[in-house]
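There are 2 protein chains.
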Amino acid sequence: MASDCLARVAIVLSRTSHPGNIGAAARAMKTMGLTDLRLVAPRHFPDPDATAMAAGAADLLANARVFDTLEGALRDVALSVGFSARARDRSHPAEALRAIVPELLAAASDATVALVFGNETSGLSNEELSRCQRLAAIPANPQYPSLNLAAAVQIACYEIATAAEVFAVVPGGAGSAATGEDLEGLFAHLEASARETGFLDPEKPGRFIEMMRRLFARSGLEREEVKVLRGFLRARDAKRR
Amino acid sequence: MASDCLARVAIVLSRTSHPGNIGAAARAMKTMGLTDLRLVAPRHFPDPDATAMAAGAADLLANARVFDTLEGALRDVALSVGFSARARDRSHPAEALRAIVPELLAAASDATVALVFGNETSGLSNEELSRCQRLAAIPANPQYPSLNLAAAVQIACYEIATAAEVFAVVPGGAGSAATGEDLEGLFAHLEASARETGFLDPEKPGRFIEMMRRLFARSGLEREEVKVLRGFLRARDAKRR
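Sequences listed follow chains A and B, in order. Numbering-wise, the first sequence is residues 0 to 240 according to numbering that gives the first Met the number 0. Numbering-wise, the second sequence is residues 0 to 240 according to numbering that gives the first Met the number 0.
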């Protein structure tokens, strides 16, 4: 999936009360590669709180477009998805966010799509909901479903970027894997050491090495780790003599 | 998956600088049904900023346990997963969050597991990372991977609750679906109305109704909607006469 489809996913925040939430939402968007922020009748914008909470995403605030009405914000949008936490507010049935993402990404391949979030306290109004073609909800604890606005935006952007498979985790940290020769050298060394100390049961010489093979197969071993383990064994051998 | 496995997933915040982030993390946890919050050497706690940001999750703050060291916080933990945004900081390879969740939930079926998050600026130290059995990362924009601490906690808790399938979206909004009889009544009415106005091509009488059947099959129809559509047709008929 091309990352440029993320450029066609707009986040629309309608009638946001707290400018800090606009900034935090911009930050959440940028961490997931989204850039198109649209604001409908924000109570305060621009605002120093928005800028402070945006941290390194001030460029999204600078490029954000402000509209008087939701209709205006959706004029070029082919598929709009409204977020609604409360089933009783819904004009049409809501789907779980994850279920709706494939359709959203398919539409974003050649058209602009929008995720629409309402006011922090009251959510989307009935009129706003009826302007959205789909409704989505984030499955949450029914005893306390109160996600912060920017937290809801973060989850939505994360689901979209994850489904679009545009960002990968660089594993890092791993050295090169031990070879068969490294491993056999280690097991031979362990066995010799165990025989020499009398730890190995001469009746069942295979059991100890079988267990070590299983254990190190589970953990995986890097070349560097084999080297350190054999150094540790050599030092014990030398000390004993 | 039983929701009580969520009670065995602890969130550990180590050396958090800003108490507001502790409160926001508690709120994020509670929205996803997690309750076990552990703090390692927080700079300020308890703190009014933590309480304000926790909103309705003050109970999690009240029950949070504070430890001097990460070792102390993990004493009863069978599987610990450290979160690390930067590949270069990692002592061992990191996996994507979503890939590690099944193992985490399997372990949580009969033991305590922990997700460990480091300081806002510096992340987990090398010593902290080496105390975690697994490392995970949230795939993010390499140009700006700076998720807010509470946003990272929100995504992690969301992934766990979603994989555990403990919360469902109540679709809401939908009335009862129209029956076959309702639909045939509507199509007959549309056809009669179209014939009466001369809109229907007498050579191809089927095409219009075929298109209407396809269109309404895509949209789905509720009984109430059929009633309103037929009322609209009746009013046109009456007006015309």
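For glycine and all other residues, C-beta sits at the position ideal for the given N, C-alpha and C.
DSSP state of residue i, grouped into three classes?
i, result
"ALA113 of chain B", "strand"
"SER192 of chain A", "helix"
"GLY249 of chain A", "No statement about residue 249 of chain A is possible, as the shown extent of chain A runs from 0 to 240 and does not include it."
"ARG37 of chain A", "strand"
"SER121 of chain A", "coil"
"SER16 of chain B", "coil"
"ALA177 of chain A", "coil"
My guess is that residue i and residue j are in contact by the Cβ rule of under 8 angstroms, so how many angstroms apart are they, rounded?
i, j, result
"VAL115 of chain B", "CYS131 of chain B", "6 angstroms"
"LEU36 of chain B", "LEU59 of chain B", "5 angstroms"
"LEU128 of chain B", "PRO92 of chain B", "That pair is no contact at about 11 angstroms."
"ALA40 of chain B", "ASP67 of chain B", "6 angstroms"
"GLU209 of chain B", "GLY174 of chain B", "The Cβ separation is near 26 angstroms, so there is no contact."
"SER16 of chain B", "THR120 of chain B", "7 angstroms"
"VAL76 of chain B", "ALA113 of chain B", "5 angstroms"
"PHE44 of chain A", "VAL11 of chain A", "Contact flag wrong, Cβ pair sits at about 14 angstroms."
"ALA242 of chain A", "GLY122 of chain A", "With chain A covering only 0 through 240, there is no way to say anything about residue 242 of chain A."
"VAL8 of chain A", "ALA107 of chain A", "5 angstroms"
"THR34 of chain B", "ALA6 of chain B", "6 angstroms"
Suppose the cutoff is 7 angstroms on Cβ atoms and the five residues either side in sequence are ignored; what does the same chain contact list for residue i look like?
i, result
"VAL243 of chain A", "Absent from the model: residue 243 of chain A. The displayed extent of chain A is 0 to 240, so no value can be given."
"ALA274 of chain A", "The question about residue 274 of chain A has no answer, for chain A in this structure spans 0 to 240."
"ALA105 of chain A", "none"
"LEU185 of chain A", "VAL225, LEU228 and ARG229"
"PHE181 of chain A", "In the sequence under discussion, the amino acid at residue 181 of chain A is Asp, which differs from the Phe named in the question. Closer than 7 angstroms at Cβ, skipping near neighbours: ARG222 and VAL225."
Counting only the same chain and skipping the five closest in sequence on each side, list residues whose C-beta sits under 8 angstroms from that of residue i.
i, result
"LEU261 of chain B", "With chain B represented from 0 up to 240, any question about residue 261 of chain B goes unanswered, as that position is not in the structure."
"ILE154 of chain B", "LEU96, ILE137 and LEU146"
"ALA51 of chain B", "GLY19 and GLY22"
"GLU70 of chain B", "ARG130"
"ASP48 of chain A", "HIS17, PRO18, GLY19 and GLY22"
Using C-beta distances below 6 angstroms, list every residue in its chain close to residue i, excluding the 5 sequence neighbours before and after it, in chain order.
i, result
"MET31 of chain B", "CYS156, TYR157 and ALA160"
"TYR195 of chain A", "It is Glu, not Tyr, that sits at residue 195 of chain A in the sequence shown. So the list is empty, once near-sequence residues are dropped."
"PRO14 of chain B", "In the sequence on display, residue 14 of chain B carries Arg and not Pro. Once the five neighbours on either side are set aside, the close Cβ partners of ARG14 of chain B are ALA40 and ASN118."
"ALA63 of chain A", "LEU36 and LEU38"
"LEU232 of chain A", "HIS188 and SER192"
"ALA110 of chain A", "ALA77"
"ASP46 of chain B", "PRO18"
"ALA216 of chain A", "none"
"ALA56 of chain B", "ALA25, ARG26 and LYS29"
"PRO144 of chain B", "ALA84"
"GLY81 of chain B", "VAL115, LEU123, LEU128, CYS131 and LEU134"
Within 7 angstroms: the Cβ of residue i and any heavy atom of the ligand ATP?
i, result
"MET52 of chain B", "By its list of ligands, the structure shown contains no ligand whatsoever, and the ligand ATP lies outside what it can speak to."
Check: In chain order, which alpha helix (DSSP H) runs of at least 4 residues are fully inside the segment 40-97 of chain B?
Finding: 47-53, 57-61 and 69-72
Margin query: Counting only Cβ-Cβ distances shorter than 9 angstroms, please list the residues of the segment 50-65 of chain A near chain B, keeping chain order.
Written below: Along the segment 50-65 of chain A, going in chain order, the ones with a CB nearer than 9 angstroms to a CB of chain B are MET52, ALA54, GLY55 and ALA56.
Checklist line | Segments of 3+ residues assigned as beta strand (DSSP E) that fall wholly inside the segment 131-175 of chain A | finding: 133-136
Next item on the list: Could you pull out every unbroken alpha helix (DSSP H) segment of at least 4 residues lying fully inside the segment 192-240 of chain B, listed in chain order?
Entry: 204-218 and 222-239
Item checked: Residues of the segment 24-45 of chain A whose Cβ lies closer than 7 angstroms to any Cβ of chain B, in chain order -> ARG26, ALA27, LYS29, THR30, MET31 and GLY32
Check: Which residues, in chain order, does the segment 5-22 of chain A contribute to contact with chain B at a C-beta distance below 7 angstroms?
Finding: none
Notebook entry, point to check: When you check each C-beta in the segment 160-180 of chain A against every C-beta of chain B, which residues fall closer than 9 angstroms?
Noted result: ALA160, THR161, GLU164, VAL165, PHE166, ALA167, VAL168, VAL169, PRO170, GLY171, GLY172 and ALA173
Next item on the list: Could you list the residues in the segment 135-146 of chain B with a C-beta less than 9 angstroms from some C-beta on chain A, going in chain order?
Entry: If the cut-off is 9 angstroms between Cβ atoms, the segment 135-146 of chain B has ALA135, ALA136, ILE137, PRO138, ALA139, ASN140, PRO141, GLN142, TYR143, PRO144, SER145 and LEU146 near chain A.
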